[in-house]
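Student: As given, the protein sequences belong to chains D and X, one line each in that order.
Throughout, the numbering used here is defined as the position within the first sequence, counted from one, plus 2.
Throughout, the numbering used here is defined as the position within the second sequence, counted from one, plus 2.
Let me give you the structure first, and then I'll get to my questions.
Protein chains: 2
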Amino acid sequence: MQAEVGDKVRVESKGMQYEGILMPSQTRSIVLKLKNGYNIGIRQESASVTLLEKKEENKIHKPISEPIKIKKEKLPNISILSTGGTIASKIDYRTGAVTSQFSAEDILRAIPELEDIANYNCRMIYSILSENMRPSYWSELARAVYEEIKNGADGIIVTHGTDTMMYTAAALSFMVETPVPIVLVGSQRSADRPSSDNAMNAVCAATVAASDIAEVCVVMHGSTSDDFCTIHRGTKVRKMHTSRRDAFQSINAKPIGRVEYPSREIKMLSGYVKRGEKKLALHDKLEPKCALIKYATGASSESLLFHSGSGYKGIVIEGTGLGHVSTEWIPHIKNAVEAGIPVVMTSQCIYGRVCDRVYDTGRDILKAGAIEGEDILPEVALVKLMWALGQAADIEKVREIMRTGIAGEITRSTCI
Amino acid sequence: MQAEVGDKVRVESKGMQYEGILMPSQTRSIVLKLKNGYNIGIRQESASVTLLEKKEENKIHKPISEPIKIKKEKLPNISILSTGGTIASKIDYRTGAVTSQFSAEDILRAIPELEDIANYNCRMIYSILSENMRPSYWSELARAVYEEIKNGADGIIVTHGTDTMMYTAAALSFMVETPVPIVLVGSQRSADRPSSDNAMNAVCAATVAASDIAEVCVVMHGSTSDDFCTIHRGTKVRKMHTSRRDAFQSINAKPIGRVEYPSREIKMLSGYVKRGEKKLALHDKLEPKCALIKYATGASSESLLFHSGSGYKGIVIEGTGLGHVSTEWIPHIKNAVEAGIPVVMTSQCIYGRVCDRVYDTGRDILKAGAIEGEDILPEVALVKLMWALGQAADIEKVREIMRTGIAGEITRSTCI
């Protein structure tokens, strides 16, 4: 009898013996949860596995290697659109590094817990690491999401590399008006690592995709323990750590809610758009030729000049504090705006709100025609500016769009 | 008898009466702490003040309007170098905005509590808002700090705008080896505002400047209450909120300690360099022509090409996640490095460590010759790169300096 996920097993490898519960793994490593609660990974090639005790439900359950085909009538239909990233990655034994190679089907086969939540329709859209995402791909992805919903999907999961997940989440937030949940999910640790977050993140993502929350959101580990995932609004989330599993944080807003694990109970933390409240609509046009320029002490205005003189259609500045740059930059902001290039001011503080009405510098920046970015994240402001320029060519109309909350990206408040 | 800070007073203005404790204020507003703990500001022009009860120690204390001249032999000698910023600002009644106009002497006169801590020697170095700071000013400031210490100062306070305080703190950290404390302080709310943090921040800064902590540090509010200031290491601190008083946070390191308020008791939170451990030395040379380029989804390598082709001597990239950019950028990184321009990779996650050995993209970036920025903040990496290029022209020597901890900017650890 074959050992399955959940069974108690003994693994022998290189003279060592390990006993524990067999955990999901998409790679050639066997992952075991030991008695002390710690997970270890053991290379399959050198290991022999002895089944000690079947998990109760596995006794009647089909083995994980069988294809998953049975459609359960009572469960919602979720479309998984795979774009790549760590959640769909495995070790490349040639270089020792992690590459994206798994399809959505593979994920499903590796995480049997998903089966209780929904029926799945899987589509591989891209197989890239997310640093290679492009604005034109956002449009394609938005169209794929739109089609799935139009064809009856009750919820969408987009698997995505974590590096630029926030950019894609923002793009989908602006591009798709949705009557169903659209959930981006990834993992910070690849599946072959014992501390991988991919199985739990996927289960929580499916739970949200089957829920009442009809928004574009990011669902990722909420703590360094495996106790809950946080549901972040797609326009208010940022990757705030290079490696921690709870790297994603809601900024300048409360998260929408959380998914307890393993109970899969959803707890709401703020208001949200409910299933069916909005009609499906697609606004997939954007202007990719926009730049995000970060101001640092002593940064010359050359970079601003370069971009405004090289065909860029919009510029987001990541200024200091309440939204400042050195005085030397201000005439060049004015020139850009007068040439029809919208300039949006955001803050490298990340937290808080831009307010250019407190200090002289700020007031001069406003006079030069810059648009205050409110409490929008700089990265989200860039995505929104690309999108706004796709919706309207006129700079005043773009200004109006930037100042209007489209997908929860602005928390309304006065700045002083 | 004149009312002084600490006295209980009644203020009548525009038909309203307020009773409370008179608080420090450097502007034409009277600041009162009300019974409920909340502070209010009342314009002096329209107010009449009645003294209700002298604060016990004020009964023998000189009035605050008298010049502070008496040198107390037992107290340490602290030099206050003023550069401007909100802590030295007042409302410009012409524009309604805040401008820097106060000298160090004014600050001292307004905050009598400082007198118990030290004798002060005040020098106005600049009077600018900190977004107008420049790398060449760091060198001048470092020389001024060096001279003060050489001339016997037991501690240094640098008053500075908060916007770019972290950049200057990092610069001084690399430029000055110091046997005494060098403390940067500012305020997030100008002195005319009832919620101003300037008086408490200044008192805590003076406490640290008179202490045993011989490091460059930033001392600012540690919470939104007036209960303690945090002592941050100059290379590990970042302004993380546009407006909150506790905007400054230590990143990827514990703070050095905290100053309880009003007790002025210092509590250490991590190891530190003690007074007299290091000999005074100045390394004020730097190469200002360096750029910080932030990568965003879809960012073309044009900006990298522009900088490496326009005489820039060093480039810091703020990549995604563990330190990534799109594959398209990698040959241009290689070209820059081969042309003798060091390229340092940092992460826009802010928290965590760059590690380019996990994913294919990262390994290719390393092969192209980029320097992993470890857990250094992107802004600090920029300052350090300018400084490293001032110490050595050879790219291999610069690489070695960047990989060596100079002033606590690197927390040693393996990345995978």
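Ideal Cβ placement from N, Cα and C applies to all residues, glycine included.
List the residues that DSSP assigns as beta-bridge partners of MET347/X.
Tutor: Taking the second sequence and counting its residues from 1, one reaches residue 347/X at position 345. BP columns for MET347/X point to ILE319/X, GLU374/X.
Student: I'd like to know whether the C-beta of PHE176/D is nearer than 9 Å to at least one C-beta of chain X.
Tutor: In the first sequence, counting from the first residue as 1, residue 176/D sits at position 174. Closer than 9 Å: no.
Student: Rounded to whole angstroms, what's the CA-CA distance from ASP286/D to LEU306/X? Just pull it up for me.
Tutor: Here residue 286/D refers to the residue found at position 284 when the first sequence is read from its first residue. Here residue 306/X refers to the residue found at position 304 when the second sequence is read from its first residue. Between ASP286/D and LEU306/X, the C-alpha separation is close to 29 Å.
Student: In terms of residue numbering, what span does the beta strand (DSSP E) encompassing ALA293/X cover?
Tutor: Here residue 293/X is taken as the residue at index 291 of the second sequence, counted from 1. From DSSP, the beta strand (DSSP E) with ALA293/X extends over 292-296.
Student: DSSP puts GLY22/X in a beta bridge; with which residues?
Tutor: Working through the second sequence from its first residue, we reach residue 22/X at position 20. Paired residues: VAL11/X, LEU36/X.
Student: For ASN134/X, does the three-state DSSP call read helix, strand or coil?
Tutor: Here the question's residue 134/X lines up with position 132 in the second sequence. Residue state, collapsed to three classes: helix.
Student: Measuring only the C-alpha atoms, how far is PRO65/D from ILE408/X?
Tutor: Counting from 1 along the first sequence, the entry for residue 65/D is found at position 63. Counting from 1 along the second sequence, the entry for residue 408/X is found at position 406. Unreliable positioning characterises PRO65/D in this predicted model, as indicated by a pLDDT of 38, which lies under 50. The coordinate reading is nonetheless provided below. Their Cα atoms are separated by approximately 57 Å.
Student: Note the first and the last residue of the continuous alpha helix (DSSP H) segment covering LYS269/X.
Tutor: Position 267 of the second sequence, counted from the first residue, corresponds to residue 269/X. For LYS269/X, there is no enclosing alpha helix (DSSP H); the enclosing beta strand (DSSP E) covers residues 268-270.
Student: If the cut is a Cβ gap below 7 Å, which residues of chain X does GLU165/D touch?
Tutor: Numbered from its first residue, the first sequence carries residue 165/D at position 163. Inspection of the sequence shows that residue 165/D is occupied by Asp rather than by Glu. Near ASP165/D (Cβ distances below 7 Å), the residues of chain X are THR322, GLY323, HIS326.
Student: How many whole angstroms separate the CB atoms of VAL185/X and VAL160/X, which I take to be in contact at a CB cut-off of 8 Å?
Tutor: Taking the second sequence and counting its residues from 1, one reaches residue 185/X at position 183. Taking the second sequence and counting its residues from 1, one reaches residue 160/X at position 158. With 8 Å as the limit, VAL185/X and VAL160/X qualify as a contact, their Cβ atoms being about 7 Å apart.
Student: State yes or no: is the beta carbon of LYS238/X nearer than 9 Å to at least one beta carbon in chain D?
Tutor: Looking up residue 238/X in the second sequence gives position 236. It does not: the Cβ of LYS238/X has no partner Cβ on chain D nearer than 9 Å.
Student: Closest by CA to TYR20/X, which one among SER31/X, GLU6/X, LYS35/X, VAL7/X?
Tutor: The residue labelled residue 20/X in the question sits at position 18 within the second sequence. The candidate whose alpha carbon is nearest that of TYR20/X is LYS35/X.
Student: Using a Cβ-Cβ distance under 9 Å, would GLN46/X count as near chain D?
Tutor: Along the second sequence, read from residue 1 onward, the residue named residue 46/X stands at position 44. Using beta-carbon distances, GLN46/X does not count as an interface residue toward chain D, since no partner is under 9 Å.
Student: List the whole-angstrom C-beta distance separating TYR420/X from MET242/D, where the pair is believed to meet the contact cut-off of C-beta under 8 Å.
Tutor: The question about residue 420/X has no answer here: the residues shown for chain X are numbered 3 through 418.
Student: Of the choices MET270/X, SER349/X, GLY43/X, SER189/X, whose alpha-carbon is the least far from that of ASP214/X?
Tutor: For the purposes of this step, residue 214/X is taken as the residue at position 212 of the second sequence. With distances taken between Cα atoms, ASP214/X lies closest to MET270/X.
Student: Does chain X have any CB closer than 9 Å to the CB of ARG145/D?
Tutor: Looking up residue 145/D in the first sequence gives position 143. Answer no: the Cβ-Cβ gap between ARG145/D and chain X never drops below 9 Å.
Student: In chain order, what residues of the same chain have a beta carbon less than 7 Å from the beta carbon of ASP248/D, not counting five sequence neighbours either side?
Tutor: As a position in the first sequence, residue 248/D is number 246, starting the count at 1. Excluding positions up to five away in sequence, the list reads HIS223, GLY224, SER225, THR226.
Student: So, are the CB atoms of GLY278/D and ALA216/D less than 9 Å apart?
Tutor: By one-based count along the first sequence, residue 278/D stands at place 276. By one-based count along the first sequence, residue 216/D stands at place 214. For GLY278/D and ALA216/D, yes; Cβs fall inside 9 Å.
Student: Where does GLU381/X land, buried or exposed, given buried means 16+ other C-beta within 10 angstroms?
Tutor: Mapped onto the second sequence, residue 381/X falls at position 379. When all chains shown are included, GLU381/X counts as buried.
Student: List the residues of chain D whose Cβ lies closer than 7 Å to the Cβ of MET135/X, in chain order.
Tutor: As a first step, residue 135/X is located in the second sequence; it is residue number 133 there, counting from the start. Here the neighbours are THR299.
Student: Does the pairing of the segment 372-386 of chain D with the segment 355-363 of chain D give three or more beta-carbon distances under 8 Å?
Tutor: yes
Student: So if DSSP puts GLY157/D in a beta bridge, which residue, or which two residues, is it bridged to?
Tutor: Position 155 of the first sequence holds residue 157/D. Beta-bridge pairing links GLY157/D to ILE80/D.
Student: Is DSSP giving VAL275/D helix, strand or coil here?
Tutor: Within the first sequence, residue 275/D is the residue found at index 273, counting from 1. It is coil, neither helix nor strand.
Student: Roughly how many angstroms lie between the CA atoms of GLY188/D and ARG414/X, to the nearest whole one?
Tutor: Along the first sequence, one-based indexing puts residue 188/D at 186. Along the second sequence, one-based indexing puts residue 414/X at 412. A straight-line Cα-Cα distance of about 28 Å links GLY188/D and ARG414/X.
Student: So with CB distances below 7 Å, who are the chain D contacts of PRO290/X?
Tutor: As a first step, residue 290/X must be located in the second sequence, where it is residue number 288. Those within 7 Å of PRO290/X in chain D are GLY300.
Student: Apply the 10 Å Cβ neighbour rule to ASN153/D and answer buried if 16 or more other Cβ atoms are within range, or exposed otherwise.
Tutor: Locating residue 153/D in the first sequence gives position 151, counting from the first residue. Burial call: exposed.
Student: Taking PHE308/X as the query, report the chain D residues whose CB atoms sit under 7 Å from its CB, ordered along the chain.
Tutor: Counted from its first residue, the second sequence places residue 308/X at position 306. In chain order: PHE308.
Student: For THR166/X, I'd like the list of residues in its chain whose CB is within less than 8 Å of its CB, leaving aside the five on either flank, ordered along the chain.
Tutor: Indexing the second sequence from 1 puts residue 166/X at position 164. Cβ neighbours of THR166/X beyond the five flanking positions: SER132, GLU133, MET135.
Student: Grab the span of the beta strand (DSSP E) containing GLY43/D for me, first residue to last.
Tutor: Counted from its first residue, the first sequence places residue 43/D at position 41. Segment 41-45, the beta strand (DSSP E) holding GLY43/D.
Student: Whole angstroms are fine: how far does the CA of TRP331/D sit from the CA of VAL33/X?
Tutor: Counting from 1 along the second sequence, the entry for residue 33/X is found at position 31. Counting from 1 along the first sequence, the entry for residue 331/D is found at position 329. Roughly 36 Å separates the two Cα atoms.
Student: Once the 5 residues before and after SER198/D are set aside, which same chain residues still bring their CB inside 7 Å of it?
Tutor: Numbered from 1 along the first sequence, position 196 holds the residue referred to as residue 198/D. Counting only Cβ-Cβ distances below 7 Å, and skipping sequence neighbours, we find SER189, ARG191, SER192.
Student: On the CB-based measure, 16 or more other CB atoms within 10 Å of its CB, does LEU54/X come out buried or exposed?
Tutor: Start at 1 with the first residue of the second sequence, and residue 54/X comes out as number 52. Per the 10 Å Cβ criterion, exposed.
Student: If we ignore side chains and look at the alpha-carbon of each, how far apart do THR232/X and VAL210/X end up?
Tutor: The sequence position of residue 232/X within the second sequence is 230, counting from 1. The sequence position of residue 210/X within the second sequence is 208, counting from 1. Between the alpha carbons of THR232/X and VAL210/X lies a gap of roughly 10 Å.
Student: Tell me the DSSP secondary structure of ILE127/D in three-state form.
Tutor: By one-based count along the first sequence, residue 127/D stands at place 125. Reduced to three states, the DSSP call for ILE127/D is coil.
Student: With distances taken Cα to Cα, identify the nearest neighbour of SER81/D among ALA172/D, LEU24/D, PRO183/D.
Tutor: To locate residue 81/D, count along the first sequence from 1; it is residue 79. Of the candidates ALA172/D, LEU24/D, PRO183/D, the one whose C-alpha sits nearest the C-alpha of SER81/D is PRO183/D.
Student: Do you know how far the Cα of LYS37/D is from the Cα of GLN46/D?
Tutor: Reading the first sequence from its first residue, position 44 is the one you call residue 46/D. Reading the first sequence from its first residue, position 35 is the one you call residue 37/D. Each residue's alpha carbon lies about 21 Å from the other.
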